Each structure stands twice: as C-alpha cells, then as structure tokens.
Amino acid sequence: MRTIGLEEHFVTPELAAYGAGTATIAEPHVWEEMSRRLLDLTGARLERMDAAGLDVQVLSLNSPGLQAEPDAALAVSRAAAVNDLLASTVDAHPTRFAGFAALPLQDPQAAAKELERSVTQLGLRGALVNAHTHGRYLDDPELRVVWEYAQGLDVPLYLHPATGVDAAHVLSGHPELIGPMWSWGTDTASHALRLIFSRVFDDFPEAKLLLGHMGEALPFVLWRLDSRWDFHAHHGIELARGRPSEYLRHNLYITTSGVCSAAPLLCSLLALGSDHILFGTDYPFEEMDVATEFLRTAPISEADRAKIAYGNAERLLRL
Numbered sequence: 001m002r003t004i005g006l007e008e009h010f011v012t013p014e015l016a017a018y019g020a021g022t023a024t025i026a027e028p029h030v031w032e033e034m035s036r037r038l039l040d041l042t043g044a045r046l047e048r049m050d051a052a053g054l055d056v057q058v059l060s061l062n063s064p065g066l067q068a069e070p071d072a073a074l075a076v077s078r079a080a081a082v083n084d085l086l087a088s089t090v091d092a093h094p095t096r097f098a099g100f101a102a103l104p105l106q107d108p109q110a111a112a113k114e115l116e117r118s119v120t121q122l123g124l125r126g127a128l129v130n131a132h133t134h135g136r137y138l139d140d141p142e143l144r145v146v147w148e149y150a151q152g153l154d155v156p157l158y159l160h161p162a163t164g165v166d167a168a169h170v171l172s173g174h175p176e177l178i179g180p181m182w183s184w185g186t187d188t189a190s191h192a193l194r195l196i197f198s199r200v201f202d203d204f205p206e207a208k209l210l211l212g213h214m215g216e217a218l219p220f221v222l223w224r225l226d227s228r229w230d231f232h233a234h235h236g237i238e239l240a241r242g243r244p245s246e247y248l249r250h251n252l253y254i255t256t257s258g259v260c261s262a263a264p265l266l267c268s269l270l271a272l273g274s275d276h277i278l279f280g281t282d283y284p285f286e287e288m289d290v291a292t293e294f295l296r297t298a299p300i301s302e303a304d305r306a307k308i309a310y311g312n313a314e315r316l317l318r319l
C-alpha cells in the first residue's frame, strides 16, 4: 500500500535559528537529535522512510519558519530561496518527495505571488503556514489575497502550530503546558475557527484548509459548536452555510500527524468522513515507523485505509 505523509519537516542551516523558541520547549538532548534530523533532507531521512514503508514525504519548513523574521523584505528573499531549494530536492527525488511552500506573510501581496510561483513554476503542492505572523492571523483582511490565490490555484494551506503571541492566564505557572503538549493545539483550533467566523470560507468557498494532529480536536466538538452557535449572540456575524460544522466538513482536511491512536481516528472518520483525512507522521518529532504501523493496523476498512494512506493525497495534491 502506497503511503504519503503530509507533515514532514525540514530546516536549513540558514533558517535554523528561527526555531530557537521551540528549542526551549524540548529536553536539550531531544532537541539536539531533532535538529540533526531536520537538517538532513535526503540521507538518513530516506533510509528511515524505507525502513518504515513511507513512500513519499510532502516536505515543509519547520515551525515557526520564515514567519518569525521581522524584516519583510528579508522574509521575501529567504522564502524564494528555501522554496527553490525544496523544489530542487523534489526534482532530485521525484518519487519520494513533494513540497509545501513557505510564504513571506509579512508582505501579503508578495506571499500570494510566491505561492503562485511555487505552484506554477516550482511544482510545489500548496503552502504550510506556521500559526500567526507577528500577531497577524490568516483571517486578516490583508491576507485575503493569499486565500484568493490558493483557491484559484486549487491548492491547500496547511495550518501548523507555532508558539503563540501570548499564553492564556490559565496556563500561568505551568510552562509544561506551553507548546505541543497543549497550547499549540488549542491555539491552532482557535485560529481555524477565526477563519470560519471571519467568513474567509464565505469569500472563498472552495478554499482548502489542512490541519494536522487529527484536526487539533475540532472533529470532536462539531455538535457543540453548532449548538452554542444557535445559543450565542452572533455579534453581527451570519454564516452563509449556517453552522460552523458545515465549514469544517466542507473546507477542512485533517492529517493523522502526531496522533497514533484509534479512538480519535474513528471519531474523525465519523465526524468528517474518510475523504477528508490524510496521513502524516510529524517527522522528526514523531517516529515514522510508529505512524506507518498505526496506519497499517488501525481498525478501519481497507477502503478507508487506502484513502487515508494515499488516495486523498493523490486527489488533493495531484500527486
């Protein structure tokens, strides 16, 4: 069975410093090993893919990536350089790699043009966005142009976590909850909901949003979101599709990255349907062989397994 992983990270020596904030979250010896793996694009990575039975990785720049760069012009030039590098890596190994572009969202117009160049000239399959860009989220009116291009090119935007602008007071005194342990998931789910209630998907009804980590828990709260939307004051917001779940079922695609557990997979299948779930390993932060073994043994139908393993990625990314 062919397997295609959609959340597979890398970094370059020039861009590694942007991840310094993430380094403070991990155990030092763990981060040292993760850094080594992130920098390895085609050596041990390919060996690990072969050992795990992972056929294709869709590579993306590690969080927070270029979005941490304060200088917009430098972000634009570095985005072009890293996307060129990514495309050359894919060209050298066309049966093993594909790629998501990095976007200089500090300059929305340049980001939209870089997305277009990356897809039409470099052959990349969309873009991965690491949370906010200096406090600006993807529902910002100035970033509508990026959604316009993404919809026009028919490619997804993969929304990946990064360290938030601030931490909720409820987490004060508990730094262990900051990061992928907890806060990144809630931040990313909230970011996705901002897109719905800012009516991004009303403006761009065929736009495609990808979330990792089994949808950052959103598939588990669809009924509650609809129920409370009926209850809450709408503050002048009316949704063309009526209820939040309609957008999550239509515009949202999720990956299994970082969640190798049958219970949330089965819930996601019931909530979103098998056409909206794709495979991912979250390498190097999770082990490829653990993820592929989970996919092979999950208690789901063979038809659904094939869609998650490769069918949906082939269709969504035209692989």
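Position 87 of the sequence shown, counting from 1, maps to 87 under the numbering used here, and the rest follow consecutively.
Ideal Cβ positions, reconstructed from N, Cα and C, are used throughout, including at glycine.
This structure is a prediction, so every number in the text was calculated from the model and none was measured.
- In the DSSP assignment, Y158 falls within the unbroken beta strand (DSSP E) covering 157-160.
- Short of 8 Å from the beta carbon of P64, and not among the five residues preceding or following it, lie these beta carbons of its own chain, in chain order: Y18, G19, G21, T22, N130, A131, A162, T163.
- H250 has no beta-bridge partner at all, per DSSP.
- Contact check for Q106 against D139 fails: the beta carbons are separated by 9 Å or more.
- For L85, the CB contacts under 7 Å within the same chain, skipping 5 residues up- and downstream, are T12 in chain order.
- Residues V145, V146, Y149 of the same chain have their beta carbon placed closer than 6 Å to that of A112, with the five preceding and five following residues left out of the count.
- Around the beta-carbon of A51, fewer than 16 other beta-carbon atoms lie within 10 Å, marking it exposed.
- The alpha-carbon of P264 is positioned some 26 Å away from that of G126.
- For R136, the beta-bridge partners assigned by DSSP are T133.
- Fully enclosed beta strand (DSSP E) runs of no fewer than 3 residues occupy 56-61 of the region 46-72, in order along the chain.
- Distance from the Cα of D154 is smallest, within the candidate group W182, G123, G135, for G123.
- Within the region 168-195, no run of alpha helix (DSSP H) at least 4 residues long lies entirely inside it.
- Bounds of the beta strand (DSSP E) holding H9 are 4-10.
- Burial state of T24 is exposed, judged by a 10 Å Cβ sphere holding fewer than 16 other Cβ atoms.
- For A110, same chain residues with a beta-carbon under 7 Å away, outside a window of 5 residues either side, are V76, P104 in chain order.
- For G215, the closest C-alpha among the options F204, F97, F201, L248 is that of L248.
- The Cβ neighbour count for P108, taken over all protein chains shown within 10 Å, is at least 16; the residue is labelled buried.
- In the three-state reduction of the DSSP assignment, G126 falls in the coil class.
- Where L211 is concerned, the enclosing beta strand (DSSP E) starts and stops at 209-211.
- Inter-residue distance for M49 and R2 is about 12 Å (C-alpha atoms, whole angstroms).
- Put simply, of Q57, H174, A16, G152 the residue whose alpha carbon is nearest the alpha carbon of T120 is G152.
- If you look at A306, you'll find it in the alpha helix (DSSP H) that goes 302-306.
- For the set D166, S60, S274, the Cα lying nearest the Cα of S118 is the one of S60.
- Straight-line measurement puts the Cα of G43 at about 44 Å from the Cα of R199.
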